[in-house]
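The next block holds one structure in the form of structure tokens; read it before the comments.
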Amino acid sequence: MAVSTPIALLLTVCFVGFYVPVPALAWFAGDFLQCLSTQVPSQLVLTPTSPSFKPLLVSSIRNARFVAPATARPPLCIVTPTNASHVQAAVRCGRHTGVRLRVRSGGHDNEGLSYRSQHPEVFAVLDLAKLHAVRVDPRAATAWVDSGATVGELYYAVGKAAPGLGFPAGVCPTVGVGGQFSGGGQGLMMRKYGLSSDNIVDAAIVDADGNLLPNKKAMGDDLFWAIRGGGGGSFGIVLSFKLRLVPVPPKVTFFSVTKTMEQGAVDAVTKWQTVAPALPDDLSIRVVVQQRQASFQSLYLGSCSRVVSTLRDRFPELGMTPADCREMSWLQYVAYIYFGDAINTTPLDVLLLNRTMPIGPFVKNRSDYVRKALTNNTWNKIFTWPSAAAQGELILEPHGGRMAKIADDDTPFPHRSGVLYNIQYVQFWKGNAAAGGNTSSTPDWINTMYDYMAPFVTKNPRAAYANYRDLDLGVNKMVGGVSTYESGKAWGERYFVSNFRRLAMIKRKVDSGDYFRNEQSVPALF
7 MAVSTPIALL
17 LTVCFVGFYV
27 PVPALAWFAG
37 DFLQCLSTQV
47 PSQLVLTPTS
57 PSFKPLLVSS
67 IRNARFVAPA
77 TARPPLCIVT
87 PTNASHVQAA
97 VRCGRHTGVR
107 LRVRSGGHDN
117 EGLSYRSQHP
127 EVFAVLDLAK
137 LHAVRVDPRA
147 ATAWVDSGAT
157 VGELYYAVGK
167 AAPGLGFPAG
177 VCPTVGVGGQ
187 FSGGGQGLMM
197 RKYGLSSDNI
207 VDAAIVDADG
217 NLLPNKKAMG
227 DDLFWAIRGG
237 GGGSFGIVLS
247 FKLRLVPVPP
257 KVTFFSVTKT
267 MEQGAVDAVT
277 KWQTVAPALP
287 DDLSIRVVVQ
297 QRQASFQSLY
307 LGSCSRVVST
317 LRDRFPELGM
327 TPADCREMSW
337 LQYVAYIYFG
347 DAINTTPLDV
357 LLLNRTMPIG
367 PFVKNRSDYV
377 RKALTNNTWN
387 KIFTWPSAAA
397 QGELILEPHG
407 GRMAKIADDD
417 TPFPHRSGVL
427 YNIQYVQFWK
437 GNAAAGGNTS
447 STPDWINTMY
457 DYMAPFVTKN
467 PRAAYANYRD
477 LDLGVNKMVG
487 GVSTYESGKA
497 WGERYFVSNF
507 RRLAMIKRKV
517 DSGDYFRNEQ
527 SVPALF
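Here it is in structure tokens:
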């Protein structure tokens, strides 16, 4: 891939003005659109009168909470650029007219901050869905991937162009790489190869002045460090990443074992806490706890017979047998873990290249990190926690292996040595988004569970994963037109621990005017 032309970029611009009078919004929009009209083709600019406007706006919204009128005020326009110069124009026109930009890659932001605002300001959304090329170099074991590509598109391109190579990233194929890589990128190969962001070797970015910085040499060590795990929406618009691909065997093994409480699920999860982080690096077992049962899902970079033997010795409580596992190629595995037996009847390209998915239920996510194993009694309470009107689940992702060998400050992602596993709390509930159902009030399951877990997880700070964004941790406050460092510490030190200070210093260096900002963007440290 030529670094000088990182990709064609689709730019979607939506102005959403909270508490801003309509005449003022019209002024911002008119000025901004006039500026863009000399640099971006008119067919790439959508206004609310366009029949394509609403479908495009909603196309990447995954959470029904952000479709309801209470949280989804109609934007004034959408712009869809097709190359890097259009992105530069959007930044420069935005700065000139006072319109801020937010970037949407796949639309999975847990709080919807890639396409909505809680601030009383006019802003634009950069929807990168057409910035999705993947260029694989099998001989060099590298790939350039555009920020608007999905994880599924990346997996498919790598698996087809370079059998024997893969890439460590997440499970959901419709997640955009731009957002996932910017916050770290956990997955079932991170114990072997680290996070997605640990395997980024170069990048191209448009900075806060609208300049194209085509590689890490042009952007400098600090900015390159910040964009590999420091969260999106703070430092610039990453157009593309150069990735180091990793070796995978011709056949890998996936297994899934589900246990109810009656079948020993509590004992198995209690044991899993210390076993999973200490297993061989090429074996990763995550757990989904839901409805009083635990599902153990695994990827092993080897044969079924070998993993059965290992687990009989190291984790007999699981009770795994050869009948529980399935050997397949790595490309088949990345589809199978999400789509299951559909891979038997549907071609992989149809599954992995499909960017669309229906808007699901109302969802709220929170996260924690665990350094000391919870007791059996504690897990028994978790398994029997009342759910009332909500449906909740815990997703436990094991660390250890390569994750424990990377220094906490090697990238902005600090949750390394000593971490046993990450917890993602996910709550689903029903609501009427079309009718403006109650979206501001979250059922009690997730917050009562989160409060209960406080004594058992990391402290000072109680750490959280940036990609599981959670506005309940805190939001930025504005003073003098910029986000304050002190207000940002409330959430920033939870995501980045001591690395947050360095991120804030880099923010001052590359965007002292706080042009790229949202409710949880990194503030500048003055």
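Counted the way the numbering used here counts, the sequence shown spans residues 7 to 532.
All C-beta atoms, glycine included, are put in the ideal place defined by N, C-alpha and C.
Spatial neighbours of Gln45 within its chain, please: C-beta separation below 8 Å, excluding the five flanking residues on both sides.
Ser91, His92, Ala95 and Cys99.
Helix or strand or just coil, what does DSSP make of Ala440?
Only weak support is given to the placement of Ala440: the predicted model assigns it a pLDDT of 49, under 50, and the value that follows is read from those uncertain coordinates. Note: Ala440 maps to coil in three-state DSSP.
When burial is assigned at 16 or more other CB atoms within 10 Å of the CB, is Ser489 buried or exposed?
buried
Thinking C-beta only, is Gly200 closer than 7 Å to Gln186?
no
Return the chain-ordered ranges of every alpha helix (DSSP H) run that is complete within the region 340 to 395 and spans a minimum of 4 residues.
354 to 358 and 382 to 389
Relative to the C-alpha of Pro283, which candidate in Leu402, Arg141 and Ala530 has its C-alpha closest?
Leu402
By a C-beta neighbour count over all protein chains shown, 10 Å radius and 16 as the cutoff for buried, is Arg523 buried or exposed?
buried
Of the listed residues Gly346, Gly158, Lys465 and Lys166, nearest to Thr180 (C-alpha basis):
Gly158
Same chain only: Cβ atoms within 7 Å of Pro253, ignoring 5 sequence neighbours per side
The beta carbon of Pro253 lies closer than 7 Å to those of Gly170 and Leu171 in the same chain, with the five residues before and after it left out.
Judging by CA-CA distance, which residue of Tyr456, Lys223 and Asp520 is the nearest neighbour of Val485?
Asp520
Can at least three beta-carbon pairs, one atom from the region 397 to 413 and one from the region 339 to 349, be found at a separation below 8 Å?
no
Three or more C-beta pairs closer than 8 Å, one from the region 467 to 475 and one from the region 380 to 390: is that the case here?
Contact fails: fewer than three Cβ-Cβ distances are below 8 Å.
Looking at the strands, I want to know which residues DSSP matches up with Ala300.
Answer by DSSP bridge pairing, in chain order: Lys265 and Val295.
Output the residue ranges of the alpha helix (DSSP H) runs that lie fully inside the region 80 to 108 and measure 4 residues or longer, sorted by chain position.
90 to 103
Please report the distance separating the alpha-carbon of Asp273 from that of Arg108.
45 Å
DSSP on Leu426, reduced to helix/strand/coil?
If DSSP states are grouped into helix, strand and coil, Leu426 belongs with coil.
Which residue from Pro255, Val275 and Arg250 puts its Cα closest to that of Phe321?
When Pro255, Val275 and Arg250 are compared, the shortest CA-CA separation from Phe321 is found for Val275.
Verify whether the separation of the beta carbon atoms of Val151 and Leu160 is less than 7 Å.
yes
Determine the closest residue to Thr148 out of Leu249, Thr86 and Thr266, with distance taken between C-alpha atoms.
Selection Leu249, Thr86 and Thr266 evaluated against Thr148 yields Leu249 as nearest (Cα-Cα).
Is it the case that the region 369 to 387 contacts the region 449 to 461, given that we only count it when at least three CB pairs across the two stretches are under 8 Å?
At 8 Å Cβ cutoff, the stretches touch.
Asn466 versus Leu479 - alpha carbon distance:
One alpha carbon belongs to Asn466, the other to Leu479, and they sit about 14 Å apart.
Can you give me the Cβ contacts of Gly104 inside the same chain, cut-off strictly under 6 Å, excluding the 5 residues immediately before and after it?
none
Buried or exposed for Gln279, please, with buried defined as at least 16 other CB atoms from any protein chain shown within 10 angstroms of its CB.
buried
In DSSP terms, what Phe434 is bridged to:
Val369 and Gln397
Classification of Ala300 by the beta-carbon crowding that lies within 10 angstroms, buried from 16 upward
buried
Report the rounded CA-to-CA distance for Ser518 versus Met363, giving the unit in angstroms.
38 Å
From Ile243 to Ala232, what distance separates their C-alpha atoms?
12 Å
Between the CA atoms of Leu134 and Asn89 - distance to the nearest angstrom:
11 Å
Taking Cys310 as part of the beta strand (DSSP E), name the residues at either end of that continuous run.
Where Cys310 is concerned, there is no enclosing beta strand (DSSP E), although the alpha helix (DSSP H) it sits in stretches over Cys310 to Arg320.
For the candidate residues Asp319, Gln296, Gln297 and Arg332, whose alpha-carbon lies nearest to that of Leu307?
When only C-alpha atoms are compared, the closest one is Arg332.
From which residue to which residue does the alpha helix (DSSP H) around Ala510 run?
Asn505 to Val516
C-alpha gap between Lys257 and Asp416, whole angstroms
32 Å
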